[in-house]
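J.: Letter by letter, the sequence shown follows residues -18 to 134 of our numbering.
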Amino acid sequence: MLVVLFAVAMATALAGCARGGNPRSVGSSEVPLPRGTHVVRKVRSCDRGANAYCSVQLVVVGAGYGTSAALLTGEAAALKQAGWTSTLGPQGKEKGSDSPGHNLRLTYSTAYEDLLALDSGYIQRTPALGRALAGVVFAGSPALSLILERGSS
-18 MLVVLFAVAM ATALAGCARG GNPRSVGSSE VPLPRGTHVV RKVRSCDRGA
32 NAYCSVQLVV VGAGYGTSAA LLTGEAAALK QAGWTSTLGP QGKEKGSDSP
82 GHNLRLTYST AYEDLLALDS GYIQRTPALG RALAGVVFAG SPALSLILER
132 GSS
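(1) Return the residue from the list Asp100, Ser101 and Tyr89 that minimises the CA-CA distance to Leu125.
(2) If you follow the alpha helix (DSSP H) that Leu60 is in, where does it begin and where does it stop?
(3) Please classify Leu136: is it buried, with 16 or more other beta-carbons within 10 angstroms of its beta-carbon, or exposed?
(4) On a Cα-Cα basis, can you pick out the residue from Val21, Val24, Arg131 and Gly30 that is closest to Pro81?
(5) Following the continuous alpha helix (DSSP H) through Tyr89, name the residue where it begins and the one where it ends.
(6) Express the C-alpha separation of Arg29 and Val12 in angstroms, rounding to a whole number.
(7) Sorted by chain position, which residues of the same chain lie with C-beta nearer than 6 Å to Gly2's C-beta, five sequence neighbours on each side aside?
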């Protein structure tokens, strides 16, 4: 009986840990952003499969930047200044960057390019992020789409 109670207690404790502080989860505060930008949408997306992980999907606007391309250049500079290494993005015009120590991976693009790739079926984003991308693109705001997850390229 004692063994059964111990097993139930351990299973309950482990189940609680899986919902809470997942070492594979990430937060938006870990992303270096250029000055004058702000996050207009943040969505946490998780894959509960065999290699469970969570990512943070962000839409970032920089009103002081003339274009999304200028904002993209500003993001690349902010990442470089923070010691991140530049890599290729997984699709088309996406860019990638690995954090110092290579424990975080950032994929980023202009909001327009990500919206176009989403509409074409080349990439997947949560519906909430897709709506946010459409909103900033149709408003004409200089904006980026970012995905942060554990691991490197």
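Cβ atoms here follow ideal geometry from the backbone N, Cα and C, with glycine treated the same way.
T.: Taking the structure as given:
(1) Comparing alpha-carbon positions, the option among Asp100, Ser101 and Tyr89 lying closest to Leu125 turns out to be Tyr89.
(2) Looking at the DSSP string, the run of the alpha helix (DSSP H) that includes Leu60 is Ser49 to Gln62.
(3) Outside the modelled stretch of the chain, which goes from -18 to 134, sits residue 136, for which no answer is possible.
(4) Residue Arg131 is the option with its Cα nearest to Pro81.
(5) Careful: Tyr89 lies outside any alpha helix (DSSP H), inside the beta strand (DSSP E) at Leu85 to Thr91.
(6) Using only the alpha carbons, I get a separation of about 23 Å.
(7) Here Gly2 scores only 44 on pLDDT, less than 50, and its place in the model is too uncertain to base an answer on.
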